[in-house]
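Structure first, commentary second.
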Amino acid sequence: MPDPWPVLVDTLEALAGLAAEADVLVAALLFGIPALQDSPDPTYARQVGVAGLLDGQNAAAQVWALHAERQVAGNNEGLRRLLLSIVNDLRVVPILLAR
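Add 502 to a position in the sequence shown, counting from 1, and you land on the number used in the numbering used here.
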């Protein structure tokens with residue numbers, strides 16, 4: 503599901519404030535607007551750095567969805583550890599925190 507525009511704008515502003523690399527900004531934008539990933543020329547989405555960041559965001563979204571279904575109270579530490587274990591590129595973490 504795409505991010506609402508205000509969330510996407512806030513995310514990109516926060517990442518820019520952290521002097522995030524271009525790959526990080528592109529990955530946050532592509533994740534926020536999934537239609538861009540499927541465009542006729544998804545050049546940026548195929549770049550190695552961006553693809554890994556998109557994979558990390560998708561994995562985190564799946565974990566959050568499962569966690570929301572379970573509604574496990576007080577298990578935030580387990581969720582944090584799971585998220586960090588599935589994220590292969592630590593540059594995903596600022597994207598997740600900014601969102």
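Note that beta-carbon positions come from the ideal geometry of N, C-alpha and C, so glycine has one too.
Asked: Just curious, the alpha helix (DSSP H) that Pro596 is in, first and last residue?; Found: 594-600
Asked: Between Leu527 and Leu514, which are expected to be in contact by the criterion C-beta below 8 Å, what is the C-beta distance as a whole number of angstroms?; Found: 6 Å
Asked: Does DSSP put Gln539 in a helix, in a strand, or in coil?; Found: coil
Asked: Does DSSP put Leu532 in a helix, a strand or coil?; Found: helix
Asked: Pick helix, strand or coil for Gln564, following the three-state DSSP scheme.; Found: helix
Asked: Rank Arg601, Gly558, Asn577 by C-alpha distance to the C-alpha of Leu586 and give the top, closest one.; Found: Gly558
Asked: Please state whether DSSP places Asp525 in a helix, a strand or coil.; Found: helix
Asked: Would you say the beta carbon of Asn560 comes nearer than 7 Å to a heavy atom of the ligand ZN?; Found: Among the components modelled here there is no ligand, and therefore nothing to report on the ligand ZN.
Asked: For Val594, is the classification buried or exposed, using 16 other Cβ atoms within 10 angstroms of its Cβ as the cut-off for buried?; Found: buried
Asked: In whole angstroms, give me the CA-to-CA distance for Ala562 and Ala570.; Found: 12 Å
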